[in-house]
Structure formats: C-alpha cells, structure tokens
Amino acid sequence: MAKKEQRFETIYKDGSQLSDEGVRQILVDKETGVHYLLWKSGYGAGITPLLDSDGTVIVSKPE
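Taken in order, the sequence shown gives residues 130 to 192; the numbers are from this note's numbering.
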C-alpha cells in the first residue's frame, strides 16, 4: 500500500505543549500555497490564514 502524501507542510515551529504559551506553527497547504498559523495549548487549538499588512492572504507558489 502506497503512503498518502501529506497536504500540509510545517515550515516553522516554536514553543512547547508543556509550557503555558503552547506551540505555534506555520503550515503551508501544498496544493494552494496558502500559509496558516496554528496555535495549540493544552486541549485547545486555533488555526487562521496568515495575512500581510494589506489584509491579503499570504500565498506562496505551490511546488
């Protein structure tokens, strides 16, 4: 059985699940190139697209 390729790539990771501020990651969708900020702490998590100073979603060219 062939392994399914991951759609999201983690390009940045900071923090620790063991600390109060949790883990912050920047993910890139390999299909669309959209960058997301993911924050996890304890049993909670949040995800949002990253925006530039004009409020436009940050998109890199998919490989």
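No residue lacks a Cβ here, since even glycine has one placed at the ideal position from N, Cα and C.
Distance, residue j Cα to residue i Cα
{"i": "Thr-185", "j": "Ser-148", "result": "32 Å"}
{"i": "Tyr-172", "j": "Gly-151", "result": "10 Å"}
{"i": "Ser-189", "j": "Val-163", "result": "7 Å"}
{"i": "Ile-176", "j": "Ser-145", "result": "17 Å"}
{"i": "Tyr-141", "j": "Ile-155", "result": "5 Å"}
{"i": "Lys-132", "j": "Glu-138", "result": "16 Å"}
{"i": "Ser-182", "j": "Glu-134", "result": "32 Å"}
Test item: CB-CB of residue i and residue j under 9 Å
{"i": "Lys-169", "j": "Arg-136", "result": "no"}
Residue span of the beta strand (DSSP E) that contains residue i, given as start and end
{"i": "Ser-170", "result": "164–170"}
{"i": "Asp-183", "result": "Here Asp-183 belongs to no beta strand (DSSP E), and DSSP marks it neither H nor E."}
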